[in-house]
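A quick write-up on the structure given underneath.
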Amino acid sequence: MKDGKVVVNSPFGERWGRFHNGNDLAHAGKFMAPVDIENVKVTQGKERTNQDGNAVGIWKQSKPGEIKVNGIPVKTNIETLHTWQGGKEVEYTREMADKDYNKHPSKNLTYDQLMATPAHQMSKDGNSVSGTYKIGDQNYTLRFKHLSDLSMVQNSSGGFKTTISKGGAVGVIASTGYSTGNHAHFQVESGSHLPTDVKKYTNNMNPGKGKPNYSIDPIYFLNQMAGPNEEKEGRTW
231 MKDGKVVVNS PFGERWGRFH NGNDLAHAGK FMAPVDIENV KVTQGKERTN
281 QDGNAVGIWK QSKPGEIKVN GIPVKTNIET LHTWQGGKEV EYTREMADKD
331 YNKHPSKNLT YDQLMATPAH QMSKDGNSVS GTYKIGDQNY TLRFKHLSDL
381 SMVQNSSGGF KTTISKGGAV GVIASTGYST GNHAHFQVES GSHLPTDVKK
431 YTNNMNPGKG KPNYSIDPIY FLNQMAGPNE EKEGRTW
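Quick look at the structure:
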């Protein structure tokens, strides 16, 4: 981003009637860490290949509901699949899944396989990697979402790395989770710490709900915060 080789095709700010808390990058290939990150965490996700052969995100939602067992109503959480189609968020039905699977069986799971997949493996963030970066005594969380898989952050024991060095790959850009197509979503958060009083560079993701949780424009963060900090610490930027 800082060298001008990546195009931001959906910037930080208002979008579709809601706030977009990161940058969507029109980029293909690997997603690289711009700084050293620690305390690495991951989420898992899925994508589907639609009738046109394009990758589109898919995720699972759960809400309280009721089913009948031997004729007796039982309260439970009902899980449903969701995706994007025609520019809209829609429920991913068995009929849609059957059509996708029949057209591209090597690139899709069946409806029953998707429903049997645990919800934590079908996150809205898709396959994502997050970690912290410190400036002074303040930790910032960097998130990289919608990756193809998590193989690049796995360690030799089958678990996941706890640190990723600057320039290290966090994954390959894809469309897993809440995603309309292949892109890289990069997001920076500062918790309850407000790093700047310039509102256009920050957003409270938890308005009216007690303790604030701020997101920061990633371009502002890299150019005005992380870059100067790297130079101050004697690291190449």
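Under this note's numbering, think of the first position of the sequence shown as 231, with each following residue one higher. Just so you know, even glycine gets a beta-carbon here, dropped at the ideal spot from N, CA and C. None of the values given here were measured: they were computed from a predicted structure.
With respect to the alpha helix (DSSP H) encompassing residue i, which residues constitute its N-terminal and C-terminal limits?
i: L344; result: 341-346
i: K354; result: Looking at the DSSP string, K354 is not in any alpha helix (DSSP H), and its letter there is neither H nor E.
i: G457; result: 457-462
Can you tell which of the options has its C-alpha closest to the C-alpha of residue i?
i: H250; options: E268, S386, S240, T406; result: S240
i: T279; options: R373, H334, L344, W467; result: H334
i: V270; options: P425, G398, S378, Y322; result: G398
i: T273; options: Q351, Y444, G361; result: Q351
i: S409; options: S422, E319, Y450; result: E319
i: L255; options: K276, G457, A404; result: A404
i: K396; options: E460, E296, P294, G356; result: E460
Would you mind reading off the limits of the beta strand (DSSP E) that contains residue i?
i: R248; result: 248-250
For residue i, which beta-bridge partners are listed by DSSP?
i: I267; result: I394
i: R468; result: With the chain covering only 231 through 467, there is no way to say anything about residue 468.
i: A256; result: V237
i: G243; result: H250
i: I449; result: In DSSP, I449 forms no bridge with anything.
i: T273; result: S358
Legend entry - Continuous beta strand (DSSP E) assignments of at least 3 residues falling wholly in the stretch 362-444: Counting only runs of 3+ residues, the beta strand (DSSP E) found wholly inside the stretch 362-444 occupies 368-377, 399-402, 414-421, 432-434, in chain order.
Inset, instruction - Output the residue ranges of the alpha helix (DSSP H) runs that lie fully inside the stretch 288-336 and measure 4 residues or longer, sorted by chain position. - result: The stretch 288-336 contains these whole alpha helix (DSSP H) runs: 324-333.
Inset, instruction - Count the CB pairs spanning the stretch 324-332 and the stretch 250-263 that are closer than 8 Å, and state whether there are at least three. - result: Fewer than three pairs of CB atoms, one per stretch, sit closer than 8 Å, so the stretch 324-332 makes no contact with the stretch 250-263.
Inset, instruction - For the stretch 285-296 and the stretch 429-439, state whether three or more C-beta atom pairs, one from each stretch, are separated by less than 8 Å. - result: Segment contact: the stretch 285-296 against the stretch 429-439, fewer than three CB-CB distances shorter than 8 Å; contact not assigned.
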